[in-house]
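**Q** One structure, pasted below without further comment.
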Amino acid sequence: MPVLSTIIYILLFLFFISLLIIFHELGHLAAAKAFNVYCLEFSVGMGPLIFKRKRKGGETQFSLRAIPFGGYVAMYGEGVELPEGVKIDKSRSLNGVKWWKRAIILLAGILMNSLLALVFFAVSNTFPQQILYRNQLNIAASSIASDAGIEDGTIFKIYQEFNYDDPVSESKKTFYLIDKETTINDDDSIKYATCLNYESLDSFSKRDLADYIFIYEQVDNNPDFAKKVDMSLITTAKINFTSMVKDVESGEMVADQIYPIVISKEGDKFASFGASLYLETWTNDFKGVVTQTFTDFGNSSVLLFKAIGDLFTKPSSWNNMGGIIAVGFETTAVLQNFGIGKFLFYWGFISVNLAIFNLLPFPGLDGWHLLVLIIEGITRRKVPEKVKNIVSFVGLAALLVLMGVIVIKDLLKYVFFLVL
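Just so we're aligned, residue 1214 is where the sequence shown starts under this note's numbering, counting upward by one.
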């Protein structure tokens, strides 16, 4: 079964990545055909030819190639040689149509990816929606937390104090359950536990707080370094849960009541005590689907522009970059753990990524050709073909090198890690 499941996940990934490519190139093809530009070939994939078909009396050859990550529309006038014996008027070349028509042809692929993203988001938003609240609790009936008096839906303080007996120093130590990006400064040493953060969860079903409590201690009184405490040294721990309520006058959340709870160990982690992150589930109506679809599109666009900006302002953000292999592993993990709704949401996000990435004015991308058109329109002078070809070649070479580096990085992170 694992082998069959793996094959299915790979086929699903290839299907969706091909769908993004096909829609992008169909946008270029449809716009080119609408303006009577002669299109020699519509190819899904790159590299060696696997299959080709040309409709009788048709102009365009439809091709399937061996490498499924890419595609193109070969148009007369962009460095493509006409087949032997075929004569086409220059007015049907890409450079033979008006500049605004060329701009529409270039933008059509980006538009199609944007529309496809909206479709993915819309379908995703018809599924039951779920959101986790990192500072609110679901309390299981007849559990340790319930017996302590904590009610379901209780909002609690992020900085939860824990106590445990350290058998090495024979002293009582205190640590805190905090957000993973927060550090608590202390005159003595810092002890803190991970992690009340939605992004750290393996799935919506696995949200028991006990699964995410691991104790760390400050190293040499430096808040930037911590070591994980050996859980085998701990038998029980005490949590002082502090509930929060809204103050009527100030409108701020203030501490309300402290609930002491003693939890025990199970293996190398703490046993469940009946407290998990609060999971809200709802279903969108038609208006909600439409509103959330465009919200998702806007948020995805803003997030991508921010990520691009971070590449220039935060060197560490390069570590978060992933390529086609990362997409395959991450989308598969989302499908396995969060279901088809979130899976489609992520493909919508990837489609937005593809649209905006192609809009960047980097040599070799649609945005570069669009920039050349704008320059030519403003100056009313043609950029020499030799200059365009050289710049495009250098840009594509740089992109290929970057893609190669990212593929190697992904292989080390995902494939070799699994093998080892």
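For each residue, glycine too, the CB sits at the ideal point set by N, CA and C.
1) With DSSP as the reference, label Asp1623 as helix, strand or coil.
2) According to the neighbour-count rule (16 or more other Cβ atoms, all chains shown, within 10 Å of its Cβ), is Asp1400 buried or exposed?
3) Please report the straight-line C-alpha distance between Ala1568 and Ala1610, rounded to a whole angstrom.
4) Going residue by residue through the stretch 1263-1331, where are the continuous beta strand (DSSP E) segments of at least 3 residues, counting only ones entirely within it?
5) In its own chain, which residues sit with a C-beta less than 6 Å from the C-beta of Trp1495, not counting the 5 before and 5 after it?
6) Leaving out five residues before and five after Trp1531 in sequence, what residues of the same chain have Cβ atoms less than 7 Å from its Cβ?
7) Beta-carbon within less than 7 Å of Ala1358's beta-carbon, same chain only, minus the 5 sequence neighbours each way: which residues are those?
8) From Ile1318 to Leu1242, what distance separates their C-alpha atoms?
9) Quick test of the definition: if touching needs 3 or more C-beta pairs under 8 Å, does the stretch 1539-1552 touch the stretch 1313-1329?
10) Please state if the CB of Thr1449 and the CB of Lys1478 are separated by a distance shorter than 8 Å.
11) Using 10 angstroms around the beta-carbon of Val1216, count the other beta-carbons present and answer buried if the total reaches 16, otherwise exposed.
12) Give the range of the beta strand (DSSP E) segment to which Ala1450 is assigned.
13) Per DSSP, Met1466 forms a beta bridge with which residues?
14) For Val1515, does the count of other Cβ atoms within 10 angstroms reach 16, so buried, or fall short, so exposed?
15) Using DSSP with H/G/I as helix, E/B as strand and the rest coil, what is Ser1513?
16) Nearest by alpha-carbon distance to Leu1225: which of Lys1265, Arg1266, Pro1281 and Ala1361 is it?
17) Is DSSP giving Gly1258 helix, strand or coil here?
18) Skipping 5 residues on each side, what residues in its chain have a beta carbon closer than 6 Å to that of Ser1306?
19) Going along the chain, which residues of its own chain have a beta-carbon closer than 7 Å to the beta-carbon of Leu1328, five neighbours each way excluded?
20) Please report the straight-line C-alpha distance between Leu1615 and Gly1608, rounded to a whole angstrom.
21) Roughly how many whole angstroms lie between the Cα atoms of Tyr1559 and Ala1287?
22) Using beta-carbon positions only, say whether Pro1576 and Val1618 come within less than 8 Å of one another.
23) Please state whether the Cβ-Cβ distance between Ile1234 and Gly1270 is less than 8 Å.
24) According to DSSP, simplified to helix, strand and coil, what is Lys1527?
25) What are the boundary residues of the alpha helix (DSSP H) that includes Ala1546?
26) Please classify Phe1248: does DSSP put it in a helix, a strand, or coil?
27) According to DSSP, is Glu1479 part of a helix, a strand, or is it coil?
28) When you compare each of Asp1623, Leu1583, Gly1260 and Asp1302 to Ile1537 by their alpha carbons, which one comes out closest?
29) Rounded to whole angstroms, what is the Cα-Cα separation between Met1534 and Thr1526?
30) Quick one: what's got a C-beta closer than 6 Å to Phe1255's C-beta in the same chain, skipping five residues either side?
31) Tell me whether the beta-carbon of Thr1504 lies closer than 8 Å to the beta-carbon of Phe1334.
32) I think Leu1350 touches Tyr1491, with their Cβ atoms under 8 Å apart; what is that distance to the nearest whole Å?
**A** Reading from the atomic positions:
1) Locating residue 1623 in the sequence shown gives position 410, counting from the first residue. Of the three classes helix, strand and coil, the one that applies to Asp1623 here is helix, per DSSP.
2) Reading the sequence shown from its first residue, position 187 is the one you call residue 1400. For Asp1400, the predicted structure reports a pLDDT of 42, less than 50, and the residue's modelled location is therefore unreliable. A value from the coordinates is still provided. Burial check for Asp1400: the Cβ neighbour count within 10 Å stays below 16, so the residue is exposed.
3) Numbered from 1 along the sequence shown, position 355 holds the residue referred to as residue 1568. Numbered from 1 along the sequence shown, position 397 holds the residue referred to as residue 1610. For Ala1568 and Ala1610, the distance between alpha carbons rounds to 21 Å.
4) Fully enclosed beta strand (DSSP E) runs of 3 or longer: 1274-1288.
5) Here residue 1495 refers to the residue found at position 282 of the sequence shown. Cβ within range, chain order: Gln1342.
6) Along the sequence shown, read from residue 1 onward, the residue named residue 1531 stands at position 318. Hits under 7 Å: Leu1524.
7) Along the sequence shown, one-based indexing puts residue 1358 at 145. Excluding sequence neighbours, Ala1358 sits near Ile1352, Ile1474, Phe1486, Gly1487 and Ala1488.
8) The sequence position of residue 1318 within the sequence shown is 105, counting from 1. The sequence position of residue 1242 within the sequence shown is 29, counting from 1. So the two alpha carbons sit approximately 8 Å from each other.
9) In this structure the stretch 1539-1552 does not touch the stretch 1313-1329; the number of beta carbon pairs closer than 8 Å is below three.
10) By one-based count along the sequence shown, residue 1478 stands at place 265. By one-based count along the sequence shown, residue 1449 stands at place 236. Yes. Within cutoff.
11) Walking along the sequence shown from the start, residue 1216 turns up at place 3. By the neighbour-count rule (16 or more Cβ atoms within 10 Å), Val1216 is not buried but exposed.
12) For the purposes of this step, residue 1450 is taken as residue 237 along the sequence shown, with counting starting at 1. Element bounds for Ala1450: Thr1449 to Lys1459.
13) Locating residue 1466 in the sequence shown gives position 253, counting from the first residue. In DSSP, Met1466 forms a bridge with Lys1459.
14) On the sequence shown, residue 1515 is found 302 positions in, with the first residue counted as 1. So Val1515 counts as exposed.
15) In the sequence shown, residue 1513 corresponds to position 300, counting from 1. The answer is helix: DSSP assigns Ser1513 an H, G or I state.
16) As a position in the sequence shown, residue 1225 is number 12, starting the count at 1. Here the closest residue by C-alpha is Pro1281.
17) Your numbering for residue 1258 matches position 45 in the sequence shown. Residue state, collapsed to three classes: strand.
18) Mapped onto the sequence shown, residue 1306 falls at position 93. Answer for Ser1306: Tyr1289 and Gly1290, listed in chain order.
19) Indexing the sequence shown from 1 puts residue 1328 at position 115. Taken in chain order, the list of residues that qualify is empty.
20) The residue you call residue 1615 lines up with position 402 of the sequence shown. The residue you call residue 1608 lines up with position 395 of the sequence shown. The straight-line gap from Cα to Cα measures roughly 11 Å.
21) By 1-based counting over the sequence shown, the position of residue 1559 is 346. By 1-based counting over the sequence shown, the position of residue 1287 is 74. Going by the C-alpha atoms only, they are around 30 Å apart.
22) The residue labelled residue 1576 in the question sits at position 363 within the sequence shown. The residue labelled residue 1618 in the question sits at position 405 within the sequence shown. Cβ distance not < 8 Å, so Pro1576 and Val1618 don't count as in contact.
23) For this step, residue 1234 is matched to residue 21 along the sequence shown. For this step, residue 1270 is matched to residue 57 along the sequence shown. The answer is no: Cβ separation not under 8 Å.
24) The residue labelled residue 1527 in the question sits at position 314 within the sequence shown. Lys1527: coil per DSSP, three-state reduction.
25) To locate residue 1546, count along the sequence shown from 1; it is residue 333. Here the alpha helix (DSSP H) through Ala1546 covers Ile1537 to Phe1551.
26) Within the sequence shown, residue 1248 is the residue found at index 35, counting from 1. Of the three classes helix, strand and coil, the one that applies to Phe1248 here is coil, per DSSP.
27) Here residue 1479 refers to the residue found at position 266 when the sequence shown is read from its first residue. Glu1479: strand per DSSP, three-state reduction.
28) Residue 1537 sits at position 324 when you count from the first residue of the sequence shown. If we check each option's Cα against that of Ile1537, Asp1623 comes out closest.
29) One-based indexing of the sequence shown puts residue 1534 at position 321. One-based indexing of the sequence shown puts residue 1526 at position 313. Met1534 and Thr1526: Cα-Cα distance of roughly 14 Å.
30) Sequence index remark: in the sequence shown, residue 1255 carries index 42 (1-based). The answer, listed in chain order, is Leu1242, Thr1273, Phe1275 and Val1286.
31) Here residue 1504 refers to the residue found at position 291 when the sequence shown is read from its first residue. Here residue 1334 refers to the residue found at position 121 when the sequence shown is read from its first residue. Contact flag unset, no.
32) Position 137 of the sequence shown, counted from the start, is the residue given in the question as residue 1350. Position 278 of the sequence shown, counted from the start, is the residue given in the question as residue 1491. 6 Å between Cβ atoms; contact.
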